[in-house]
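S.K.:
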Amino acid sequence: MRRFVVLDVETTGLSPIKGDRIIEIALVEINAGLITGKEYHVFVNPGVFISNAAYKIHGITNSFLLGKPCFGDISTSLISFIADAPLVAHNAAFDARFLFCEFQRLAIPFNYIFIDTLRIFQKLFPGRRNNLIALCKRYAISYFRQHSALHDARVLAMLFLKLLRLKHMASAKVA
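The numbering used here puts the first residue of the sequence shown at 11, with every later residue one more than the last.
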């Protein structure tokens with residue numbers, strides 16, 4: 011099995027096109043079908059204010075982010091951690107748009123493969139709730155800190171392993 015990097019971000023709002031930025035990013039490594047324990051987690055000073063709606067979701071304050079590194083300061087270590095691994099995210103288009111815009115501001119190409127677990131679970135369980143809370147209940151995974159990038163990335167890594175095992179079982183030949 012190959013290496014994957016599970017990703018989650020928290021942001022100042024919903025639209026990077028309108029100037030919203032990443033304020034927290036977490037990466038969790040999966041290698042050879044195992045969560046390795048290798049993680050990357052950082053809070054980022056976005057240089058813009060967090061919308062009230064976003065604050066109500068994640069609870070991260072503008073004052074907390076004062077003195078934190080800006081995205082440009084962490085971009086090299088972020089790219090180094092990802093290397094050439096596909097990125098796994100729940101509702102990947104959201105995370106991908108934000109990362110693309112952040113790297114575009116730095117004139118750094120960001121061309122990574124994304125695996126969207128939300129879309130996969132929607133195909134597996136059409137018509138059912140497929141947010142992280144519902145999936146954790148379905149698979150008996152403890153979920154207690156919603157909208158913490160690190161906790162969400164860890165939980166998603168566990169869920170992604172379940173998907174990999176399902177795929178492996180589905181493709182296994184019966185003797």
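Just so it is clear, CB atoms sit at the ideal spot from N, CA and C, and this is done for glycine as well. Since the model is a prediction, treat every value here as computed from it, not as a measurement.
1) Do the CB positions of ILE33 and LEU88 come within less than 9 Å of each other?
2) Report, in whole angstroms, the separation of the C-beta atoms of ALA102 and ASP83, which I expect to be a contact under 8 Å.
3) So what's THR21 in DSSP terms, helix, strand or just coil?
4) Compute the beta-carbon to beta-carbon distance between ILE130 and LEU173, rounded to the nearest angstrom, for a pair I have assumed lies under 8 Å.
5) Give me, in chain order, the residues of the same chain whose beta-carbon lies closer than 6 Å to that of ASN41; leave out the 5 immediate sequence neighbours on both sides.
6) Closest to VAL98 by C-alpha separation, out of ILE45, ARG148, SER25, PHE154, would be which residue?
7) Rounded to the nearest angstrom, what separates SER259 and LEU176 at their Cα positions?
8) Could you tell me which residues DSSP pairs with VAL165 in its beta bridges?
9) Could you give the distance in angstroms between the alpha-carbon of HIS161 and the alpha-carbon of VAL19?
10) State the start and end residues of the unbroken beta strand (DSSP E) segment that holds ASN41.
11) Could you work out which residue in VAL58, ALA64, PRO119, ASN72 is closest to SER1 when comparing CA atoms only?
12) Alpha carbon to alpha carbon, how far is LEU145 from SER152?
13) DSSP on THR46, reduced to helix/strand/coil?
14) What did DSSP end up calling ALA93 once you bin it into helix, strand or coil?
15) Quick check on GLY29: does DSSP put it in helix, strand or coil?
16) Is the beta carbon of TYR50 less than 9 Å from the beta carbon of ILE35?
M.R.: Taking the structure as given:
1) no
2) About 25 Å; that fails the 8 Å criterion.
3) strand
4) 6 Å
5) ARG13
6) ILE45
7) Absent from the model: residue 259. The displayed extent of the chain is 11 to 185, so no value can be given.
8) Paired residues: none, contrary to the question.
9) 11 Å
10) 32-41
11) Beyond the ends of the chain as shown, which are 11 and 185, falls residue 1; an answer cannot be given.
12) 10 Å
13) strand
14) coil
15) coil
16) yes
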